[in-house]
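Comments concern the structure below.
There are 2 protein chains.
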Amino acid sequence: MIEPTTLSLSGDRIMAVYDFFGDVTEAESRVNALRVEQTIEFPADLVPDDDIQREIVGRVESIDVVDSGQVRATVSYAVETTGYELPQLLNVLWGNSALLPGIRLVDFSFPESLLARFVGPRFGIAGLREMFDAPDRPLLATAIKPMGLSSERFAQTVYELAKGGMDMIKDDHSLANQPFAPFVERVSRCSEAVAKANEETGGKAIYMPSVNAPYHLLDERVRAAIDAGAGGLLVLPGITGFDHMRHVSSQEDVAVPIMGHPAFLGSYSASPENGIAHGRLYGTLMRLAGADLSVFPNYGGRFSFTRTECKDVARALVEPLGAITPAFPSPGGGMTLDRVVEIKEFYGNDVALLIGGDLHRGDDLVKTAAGFRTAVSG
Amino acid sequence: MIEPTTLSLSGDRIMAVYDFFGDVTEAESRVNALRVEQTIEFPADLVPDDDIQREIVGRVESIDVVDSGQVRATVSYAVETTGYELPQLLNVLWGNSALLPGIRLVDFSFPESLLARFVGPRFGIAGLREMFDAPDRPLLATAIKPMGLSSERFAQTVYELAKGGMDMIKDDHSLANQPFAPFVERVSRCSEAVAKANEETGGKAIYMPSVNAPYHLLDERVRAAIDAGAGGLLVLPGITGFDHMRHVSSQEDVAVPIMGHPAFLGSYSASPENGIAHGRLYGTLMRLAGADLSVFPNYGGRFSFTRTECKDVARALVEPLGAITPAFPSPGGGMTLDRVVEIKEFYGNDVALLIGGDLHRGDDLVKTAAGFRTAVSG
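Just so you know, the sequences run in chain order V and C. Each residue of the first sequence is one higher than the one before, starting from 3 at the first, in the numbering used here. Each residue of the second sequence is one higher than the one before, starting from 3 at the first, in the numbering used here.
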């Protein structure tokens, strides 16, 4: 038994809701194990009846039986356990519980004192609408592909897509620093190409390179992209970390929109009995970490998201979250032009439609892109 | 249809083995979708019979039916698709496929030309054995807990654990920069404490602070830890990124052992039908990214790993991997002193036993720690 501790705490608490799958008679002991696991990770019986036991160990706020194999529990944590830093916040919410069987983090909410530490999206929906002079239509996003093309050919593609009226032309998330189209060369050519197209059309298209780089080169690539004239950035927080995205989006001299991509995050949402709910992962966390747009696989494409899961993501991107501005959902993943009307209907106008490969059908990319724009605006 | 591309490639290829769960009659089309998804993410029918189609798109090396609901396929990727960088390597192996239903990455191997880009663990098993003057016994690791204690009390704990004969005393993975024990203060006190104990015992114990920090403070905290005299570092690649760990472990002026912790990684191994095989995730990737020790939940504790999964991790940490040195498995997670003999038998002597909370039972921490050491050496 350790000596009692007295702490000075704000009383502000994070709320986290977990579903426990399995024998409901074991749920209470599992919830009790979880609230210890996520905080002190220490035999609870060795901690006296002190402030650690009462305030630092997660507190069970409610336990409800959902059905014969599922229990939903709300656990609260003292905001101080996070140190007000995103990496440790993620750790409190889901660090070791990810390793426990049959638990899913289905919801969470944060006190104002924590939310106030986050800047969130710099532009968000309002800022991007202003940037693209698009007061109410859906935004149009696309990607340059396929890997293996040279920087020159990617630049030509960017040029044609911008001519056709795209708002955002991003790197495919798999473009990094491959020899076919090295990062700095590609970003320079593509930034020039979009500028040329804008000059000719009077448009405001931006090119958004992917900055999925080794840790020690991340800042350097972001800097190089901005210096080359990139109008936005694609960030992969599943690989470089959510806090890396927060860092990029809050740097004063990187004042461009950030698009968050779900690469390597899918395993968090793949199992209904583990991981993190779609809305919280691709919605709230993306937004908290500064994504102006969150890319996710649309229902009915080649991925596994349902309509409900997509709606949850879209809702989490716009619902109240302290003073943090709403962000655009950007559903993609095998989307085709013939689904534009349906997707608009589903999400409403506050959506950035992402169509990639399908634009390349036919032999005139400018024309196909323009058709996409007409379909969206019409 | 795009114009044909000619590429100059090494011919070296990464091998990745995926299990597909579901209707086996659909397996071939799903494998074909995957090999496109992980590379060009572009309609395959729009790419001519060129080097992109033949070399960049993943190549199906084999497809075997495992049983009525499972197919195993080996897909190879040109090493150039990774740009020889770890973040993009992760993306090629598991970027978007994580979002597809019913696929698990069960194995992978890399050509020498890729492995040669990685330094791997600086110390590994041989280096740590020399450091701790422990030619053949298991190493002893423990953690300071519970969160909520002051830096002074943590330092006292470190002192007692070092006096008792521990080799490695790490921060609990949840210790970050909380107000109870701020990072710099905690690391200074604890480093002093372990030095004092070593002076008194002639021992070689090290204190390993956790550097789970915001992106822009990671290098600063690592530097502060080294300057304060920390003898090693705990890194959480599930939160700060695998490439962050690689960066830390390969910095010339951070010449201390790195312990990789599995926080936030559990969702990759939770479902048998999604994610990444235990051995590859907690073994190969940890080692590739420079972990001298990989912490994972031992079987029979409070987590869900099986004996087979634990054995797979341990094997992956020591099997041939180019010129990359073997690393220590460090099974933990609710381990108790009464299991030492069994765990030694299971892993053999090349193991770093991690016992945390259980050492605090009883009223003399030095004595309990010494008992742990005796049990391990005996």
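All residues carry an ideal CB built from backbone N, CA and C; glycine is no exception.
Any C-beta of chain V under 8 angstroms from that of residue i
i, result
"C/T41", "yes"
"C/H175", "yes"
"C/E82", "yes"
"C/K313", "no"
"C/F134", "no"
"C/F22", "no"
"C/K172", "no"
"C/N179", "yes"
"C/G49", "Per the sequence shown, residue 49 of chain C should be read as Val rather than Gly. Yes, its Cβ sits closer than 8 angstroms to a Cβ of chain V."
"C/I65", "no"
"C/N200", "no"
"C/G262", "no"
"C/S31", "no"
"C/L9", "yes"
"C/P6", "no"
"C/P45", "yes"
"C/R124", "no"
"C/G205", "no"
"C/F182", "yes"
Whole-angstrom C-beta distance between residue j and residue i, which should lie under 8 angstroms
i, j, result
"C/I208", "C/D174", "So it is not a contact: roughly 16 angstroms between Cβ atoms."
"C/F23", "C/E275", "4 angstroms"
"C/L163", "C/F182", "Wrong, their Cβ atoms sit about 19 angstroms apart, outside the cutoff."
"C/V33", "C/V67", "So it is not a contact: roughly 12 angstroms between Cβ atoms."
"V/A29", "V/V73", "4 angstroms"
"C/V381", "C/L130", "Since the first residue shown for chain C is 3 and the last is 380, residue 381 of chain C is missing from the structure and cannot be characterised."
"V/I345", "V/A293", "Incorrect: roughly 20 angstroms between the Cβ atoms, too far for contact."
"V/P211", "V/A227", "5 angstroms"
"C/V410", "C/Y270", "Because residue 410 of chain C is not part of the residues shown, which for chain C are 3 to 380, the question remains open."
"V/I54", "V/T7", "5 angstroms"
"C/N214", "C/A178", "5 angstroms"
Cutoff 8 angstroms: residue i Cβ touching any chain C Cβ
i, result
"V/D14", "no"
"V/T242", "yes"
"V/N300", "no"
"V/V342", "no"
"V/D53", "yes"
"V/N214", "yes"
"V/I58", "yes"
"V/R363", "yes"
"V/G85", "yes"
"V/F156", "no"
"V/Y79", "no"
"V/N276", "yes"
"V/H280", "no"
"V/D444", "The structure shown does not extend to residue 444 of chain V, since chain V spans only 3 to 380, so no value can be given for it."
"V/K147", "yes"
"V/S332", "no"
"V/G373", "no"
Bridge partners - residue i, DSSP secondary structure assignment
i, result
"V/G334", "V/P299"
"C/R15", "C/A80"
"C/M170", "C/A143, C/I208"
"C/A75", "C/Y20, C/I65"
"C/A354", "C/L141"
"V/A325", "V/L323"
heavy atom of the ligand MN below 7 angstroms from residue i C-beta
i, result
"C/L295", "Annotation note on the ligand MN: not contained in the displayed structure, which lists no ligands."
Contact the stretch 81-88 of chain C vs the stretch 44-54 of chain C: 3+ CB pairs below 8 angstroms: no
Touching by the beta-carbon criterion (3+ pairs, under 8 angstroms), the stretch 342-361 of chain C and the stretch 315-332 of chain C: yes
Cβ contact check for the stretch 111-122 of chain V and the stretch 11-20 of chain V: 3 or more pairs under 8 angstroms: yes
Touching by the beta-carbon criterion (3+ pairs, under 8 angstroms), the stretch 94-110 of chain C and the stretch 188-202 of chain V: no
Whole runs of the alpha helix (DSSP H) within the stretch 98-164 of chain V, excluding any shorter than 4 residues: 114-117, 126-133
Stretch-stretch touch, CB-based, cutoff 8 angstroms, three pairs: the stretch 250-259 of chain C with the stretch 268-282 of chain C: no
Start-end ranges of the alpha helix (DSSP H) lying completely within the stretch 219-307 of chain C, minimum 4 residues: 220-230, 239-242, 244-252, 268-271
Cβ contact check for the stretch 132-140 of chain V and the stretch 307-314 of chain V: 3 or more pairs under 8 angstroms: no
Segment contact, 8 angstroms Cβ cut-off, at least three pairs: the stretch 336-343 of chain V with the stretch 360-373 of chain V: yes
Any 3 or more C-beta pairs closer than 8 angstroms across the stretch 285-298 of chain C and the stretch 318-329 of chain C: yes
Uninterrupted beta strand (DSSP E) stretches inside the stretch 23-65 of chain C (no shorter than 3 residues): none
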